[in-house]
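In our numbering, the protein residues as written are -7 to 542.
Backbone N, C-alpha and C define an ideal beta-carbon position, used for all residues, glycine too.
A quick write-up on the structure given underneath.
Below is the structure:
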């Protein structure tokens, strides 16, 4: 008894110090669907009357925002192993820590391990809402995005959602059929008077997230009324960005047509787009079963939908099925144009892009390349066809054989769109012979010296008759006074004497330095008055020239 009491006395202080037999909760998990948060855990203890309470703390931008632990609303004193704490979480891109413990009256277990989360990255997309309608052999479906009626939203851009429907007949051996749909769409190609079941899933492809499926809905189809007034077999023929719509007429009486189009992005909206169809202006009230609608293709990045409205003489109308147009995908590439030329022993190939040189869409958006096929067109059937691929619209081929007919055809292709044109019309050209090439070289060798000689002659003639330099002013002045110079004889003097003086001046003029012309002129006049015979004149002239030289 004494031993028992001593053990009891030792055990009581330990219980007061927080010792307990309660075990901590394990496997803490947080499930997030849209903005709904659920905390769950496992408890392996055999204790009864155990409750659980959780705490959390919040970190904003990796910085502690009041790091103290707080009681988690909705998860205090709960008796089951899960609780809803949606009201506590308001920031979906911040970090949260969560922990939980078991409690029984004053006893508490140690805290569990901490669960860390960033809500947005663990959230699941909730199921969308759907409304079905069966009419004329088809099922019309309207999808509403997840969180449509919620005040707080995890997914703030509902236009980013894509929707997928899974459909099957309500029978024992049915096959599942899956397809993408718009928020407002029509499911056709269904058996009449048959019950179909379906479910819809919302996805965010850019974030690689798939949501939860909606609850399963079932509906029975009706029989389709075959209205002969409706246009059928709609098909699009497009070449080099020229778009034509063709259809089949079943109506045997007078009928006119309106071709209508809808811009593709309107179908992605959750609004009713039925009133947003527009008429193609060039295809209003026509009787032909074809229409050029190229005028409405104003951008290559989006898509378009077309349909045909048929109207009979009683003003009754019927709308055809729709057909989708993705301009760069629907369009086909036409063959390019080709021109050949030979110069400098090269075969030059000039390529005109499909649609003409002014077609910027074909040239820029498709990033076209060109495949060249060329060969020698001879009687030898074993001549090899050679292939060359280029990005530019100008190509050349070397190593040509003289006096040979070469043929070329070109194909345009786009690797980005996995499209290629038909080959162009075959074009051929003959290379010049060897004698012609030799003649060209001979002409070149003769022409070059001849041109050089003519150029030198031209320079000489220009130098002699059209000098670029003018004589000095003093020479010009002398020339102006030459015939009135006192060194020349007057009219009373004999002609031969004037000629002698002129000759002397002419021969010596280039050797004279004219420094004081006025003084020389006066001296010459005085000397000339005393000159009467040939010897005197010669002496006077020599004196004058000597003075002029000095």
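How far does the alpha helix (DSSP H) with residue 321 in it extend, from its first residue to its last? 319 to 322
At a cut of 8 Å, does the stretch 78 to 91 reach the stretch 105 to 113 through at least three beta carbon pairs? yes
Which of helix, strand or coil does DSSP assign to residue 198? helix
Considering only residues of the same chain and omitting the five flanking positions on each side of residue 330, which have a CB-CB separation below 8 Å? 341, 342, 343, 344, 400, 401, 402, 416, 417, 419
What span of residues does the alpha helix (DSSP H) with residue 415 cover, start to end? Note, residue 415: premise wrong, no alpha helix (DSSP H); not H, not E.
Any idea if residue 366 is buried or exposed, counting beta-carbon neighbours within 10 angstroms, 16 or more meaning buried? buried
Suppose contacts are defined by Cβ-Cβ distances below 8 Å. Is residue 63 in contact with residue 47 by that definition? yes
Taking a contact to mean a Cβ-Cβ separation below 8 Å, would you say residue 190 touches residue 143 in this structure? no
For residue 3, the three-state DSSP class (helix, strand or coil): Reliability fails at residue 3, whose pLDDT of 36 lies under 50, so the model's placement of it is uncertain and the value that follows must be treated cautiously. Helix at residue 3.
Counting only runs of 4+ residues fully inside the stretch 71 to 120, write out the alpha helix (DSSP H) ranges in chain order. 111 to 114
Strictly by DSSP, which residues pair up with residue 334? 339
Bridge partners of residue 160, per DSSP? 189
So, residue 204 versus residue 116, is the Cβ gap smaller than 8 Å? yes
Just curious, the beta strand (DSSP E) that residue 399 is in, first and last residue? 397 to 406
Which value, in whole angstroms, describes the spacing of the CA atoms of residue 306 and residue 248? 11 Å
Is the stretch 352 to 368 touching the stretch 377 to 387 in the sense that three or more CB pairs, one from each, lie closer than 8 Å? yes
Given 8 Å, three or more beta-carbon pairs between the stretch 179 to 193 and the stretch 323 to 337: no
Buried/exposed call for residue 440, threshold 16 Cβ in 10 Å: exposed
According to the neighbour-count rule (16 or more other Cβ atoms, all chains shown, within 10 Å of its Cβ), is residue 252 buried or exposed? buried
Quick check on the burial criterion: 16 or more other C-beta atoms within 10 angstroms. Buried or exposed for residue 139? buried
With a threshold of 6 Å on Cβ separation, who are the neighbours of residue 297 within its own chain once the five nearest residues in sequence on each side are excluded? 254, 314, 316
Which of helix, strand or coil DSSP assigns to residue 68: coil
Give the secondary structure of residue 273 by DSSP, where H, G and I count as helix, E and B as strand, and everything else as coil. helix
Can you tell me which of 356, 452, 26, 103 puts its alpha carbon nearest to the alpha carbon of residue 15? 103
Just how far apart, CA to CA, sit residue 369 and residue 375? 8 Å
Length of the line joining the Cα atoms of residue 258 and residue 86: 35 Å
With 16 other Cβ atoms within 10 Å as the buried cut-off, status of residue 270: exposed
Rounded to whole angstroms, what's the CA-CA distance from residue 21 to residue 52? Just pull it up for me. 21 Å
Does residue 152 come out as helix, strand or coil in the three-state DSSP assignment? helix
Considering residue 28, what are the terminal residues of the beta strand (DSSP E) in which it resides? 28 to 34
Should residue 505 go down as buried or exposed, given a rule of 16 or more other Cβ atoms within 10 Å for buried? Reliability of the predicted coordinates at residue 505 is poor, the pLDDT of 39 falling under 50, and no value is obtained from them.
C-alpha distance - residue 237 paired with residue 150, whole-angstrom precision: 34 Å
Residue 567 classed as buried or exposed, judged by whether at least 16 other C-beta atoms fall within 10 angstroms: Any property of residue 567 remains undetermined from this structure, which presents the chain solely from -7 to 542.
Considering only the alpha carbon of each residue, which of 145, 266, 126, 220 lies closest to residue 212? 126
Can you give the Cα-Cα distance for residue 114 and residue 233, rounded to whole angstroms? 46 Å
Given this structure, state the Cα-to-Cα distance separating residue 391 from residue 335, to the nearest angstrom. 12 Å
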